[in-house]
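Novice: The numbering used here numbers the first residue of the sequence shown as 11 and each following residue consecutively.
Where is the CB? At the ideal position from N, CA and C, for every residue including glycine.
The structure's right below; bear with me while I get my questions together.
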Amino acid sequence: MNHFCTYFDSNYLIRGLTLYRSLEACVGDFRLHVLALDETVADILRRLNTPNVNVVDLSMLERWEPRYQSARRNRSLVEYYFTLSPGLPLYLMQTKEEIDLITYIDADLFFYESPAVLMNELGSRSILITQHRYAPHLKDHVKYGRYNVQYQSFRRDETGLRCLKRWHEQCLEWCYDRVEPDRYADQKYLDEWPGLYGDAVAVSTHKGAGVAPWNWSTESIEHTPNGLGVGGHPLLFFHFHGVKLFGPHAISNGLLDWGMMPWKLRRRLYSDYVREMRRTRAWVRTQTGLKLPLRDRIRRGKGIRVDTLGEIARKAWAQLMIIP
């Protein structure tokens with residue numbers, strides 16, 4: 011069985027469930043372990059009662075690691091979520107003996123093909139990570155880390171567990187949304203893994219893994235009889251980073267800071283993603299009777315950094331997409 015894990019709060023609930031549905035369509039035998047970051051997520055996941063989902067309550071993780079309570083007090087909400095990234099797979103490894111290999115995935119991914127080819131890249135090694143592969147005009151973004159936390163696998167062996175435990179301690183000590191020479195949030199810690207763990211680390215070279223706003227222009231994305239292809243490889247998953255939902259028919263695609271992709275490709279990727287989220291909402295309503303909102307909240311409060319409303323409006327207009 012393939013074991014994946016992710017986390018999300020109620021603002022990312024539709025995205026997280028759409029990720030689950032994409033796995034269900036592409037992966038045969040799997041279990042998705044979801045860290046529910048609030049009670050709404052935990053309640054709806056339990057109402058859905060899907061056999062492929064295991065719900066992990068945040069309170070369970072915080073009992074397992076009491077130091078999370080002090081971390082919660084000295085960092086913002088998003089920084090606290092970043093702090094949990096290594097804790098979730100480590101907790102699952104330590105509490106579920108049946109898991110020999112765990113893969114963390116971000117909740118805003120969408121799978122088009124099975125990631126079995128990435129399992130083949132991992133082979134008998136202990137760790138698999140994916141690169142940002144920044145486009146040339148974004149090379150300065152390497153200061154945020156060469157690798158992206160979006161998709162990473164850990165084997166239950168000495169090296170895999172040692173890596174997870176070290177990363178866990180690092181994030182507990184420091185995990186902030188600012189760049190320092192050797193660290194940024196939970197992400198830049200990954201830069202040292204190939205040097206620390208050598209041949210035990212597999213760095214994916216599959217061009218269809220981790221296609222995202224920051225690298226879509228580095229390879230040609232083509233329509234093929236079997237779906238979308240990237241540089242001769244099938245598109246495995248796209249990272250829909252930065253998408254803002256204004257409703258079931260309007261989004262901000264989040265591409266402005268990275269470079270706008272051609273209109274036809276933008277329509278194919280982003281319009282289809284929104285339609286998948288609509289199908290997710292309809293599925294939830296059929297299963298539970300609940301009608302989930304298909305729009306994001308603008309969250310304000312202590313420790314939560316947001317743009318000014320004027321900047322939000324400017325970016326939203328530039329990136330606005332209306333989906334029939």
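Please name the residue, chosen from Val211, Glu89, Pro258, that lies closest to Phe164 on a Cα-to-Cα basis.
Specialist: Val211
Novice: When you compare only the Cα positions, how much space is there between Phe247 and Arg83?
Specialist: 35 Å
Novice: Using only CA atoms, which one of Leu266, Lys254, His251, Thr215 lies nearest to Pro244?
Specialist: Of the listed residues, the one whose Cα sits closest to Pro244 is Thr215.
Novice: Is there contact between the stretch 261-279 and the stretch 219-235, where contact requires at least three CB pairs shorter than 8 Å?
Specialist: yes
Novice: Could you tell me the boundaries of the alpha helix (DSSP H) in which Phe120 lies?
Specialist: Run containing Phe120: none in the alpha helix (DSSP H); it sits in the beta strand (DSSP E), 119-121.
Novice: Measuring only the C-alpha atoms, how far is Arg310 from Ser86?
Specialist: Low confidence applies to Arg310: its pLDDT is 47, below 50, so where it sits in the model is not reliable, and the reading given next is rough at best. One C-alpha to the other measures close to 11 Å.
Novice: Which whole-angstrom value describes the C-beta separation of Ala219 and Leu128, a residue pair presumed to lie in contact below a C-beta threshold of 8 Å?
Specialist: Between Leu128 and Ala219 the Cβ distance is about 6 Å, and since that is below 8 Å, they are a contact.
Novice: Report the rounded CA-to-CA distance for Thr271 versus Asp201, giving the unit in angstroms.
Specialist: The sequence shown places Met at residue 271, not Thr. Roughly 28 Å between the two C-alpha positions.
Novice: Given Leu132, which residues of its chain have a CB within under 6 Å of its CB, disregarding the five upstream and five downstream residues?
Specialist: Excluding positions up to five away in sequence, the list reads Leu138, Ser163, Ala212.
Novice: I think Arg41 touches Met11, with their Cβ atoms under 8 Å apart; what is that distance to the nearest whole Å?
Specialist: The C-beta distance from Arg41 to Met11 rounds to 6 Å, short enough to meet the 8 Å contact threshold.
Novice: Between the beta-carbon of Glu25 and the beta-carbon of Ala117, is there less than 8 Å?
Specialist: The sequence as given places Arg at residue 25; Glu does not occur at that position. Contact flag set, yes.
Novice: In this structure, how does DSSP classify Met11 when only helix, strand and coil are distinguished?
Specialist: coil
Novice: Tell me the start and end of each unbroken alpha helix (DSSP H) in the stretch 75-127 that is at least 4 residues and wholly inside, in chain order.
Specialist: 77-83, 87-93, 97-105
Novice: Ile109 and Phe14 look like a contact to me (Cβ under 8 Å); what is the Cβ gap, rounded to whole Å?
Specialist: About 10 Å; that fails the 8 Å criterion.
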